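One structure is given here, and the rest of the page talks about it.
This is the structure:
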């Protein structure tokens, strides 16, 4: 999940992994504080937020492919559906900005190659205020955490040979 073609560095993956560990440990206050510090950081160019967000989104796509099968990647006809814990389908048009941006970014990574995904993920969050960017990354990390705990489908992956 360290994909330099998406502009993701080892540091992005390490920070993303740290955020994921906080989510998995139910340390939600610490997760929010860590994301806030990441957004506020002025120590590097480009800001670390962008690479960490790309890592989380590409990791969500990787986990979806791992759980649902390799045919998912590169298929522009894939429809992502969100369901509540009770099983009810969520109308995607009703999602507000942080959640809808994460969904669109994951769909872009799944549908396109690495270069297209990098271009599409580059401007995500740049026009958003501090709080919206915080909510967007926290939502993405929480979604990744839930996906990692979800069972895989029973259909076997197609072997490459």
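In this note's numbering, the protein residues as written are 96 to 256. Backbone N, C-alpha and C define an ideal beta-carbon position, used for all residues, glycine too. Since this is a predicted model, take the numbers as computed values, not measurements.
At least 7 Å separates the beta-carbon of residue 185 from that of residue 152. Close CB contacts of residue 179 within its chain, under the 7 Å cut and outside five residues either way in sequence, are with 185 (chain order). With fewer than 16 other Cβ atoms from the protein chains shown falling within 10 Å of its own Cβ, residue 244 counts as exposed. Between residue 156 and residue 197 the beta-carbon gap is near 11 Å, outside 8 Å, which marks them as no contact.
Beta-bridge analysis with DSSP links residue 184 to 178. In the three-state scheme derived from DSSP, where H, G and I count as helix and E and B as strand, residue 245 is classed as coil. Within the same chain, and ignoring the five residues on either side of residue 136 in sequence, the residues whose Cβ sits closer than 7 Å to its Cβ are 142, 143. With respect to the C-alpha of residue 206, the residue from 195, 235, 165 having the closest C-alpha is 165. Sequence-distant Cβ neighbours of residue 242 in its own chain, meaning closer than 8 Å and more than five residues away, are 155, 158, 159, 162. Remark: C-beta atoms of residue 130 and residue 237 do not approach each other more closely than 7 Å.
One thing to note: residue 150 has its Cβ no nearer than 7 Å to the Cβ of residue 122. Pairing residue 132 with residue 126 gives a Cβ-Cβ distance that is not under 7 Å. Per DSSP, reduced to three states, the secondary structure at residue 104 is coil, with no helix or strand assignment. When the five nearest sequence neighbours on each side are left out, the beta carbons in the same chain lying within less than 7 Å of the beta carbon of residue 104 are those of 146, in order along the chain.
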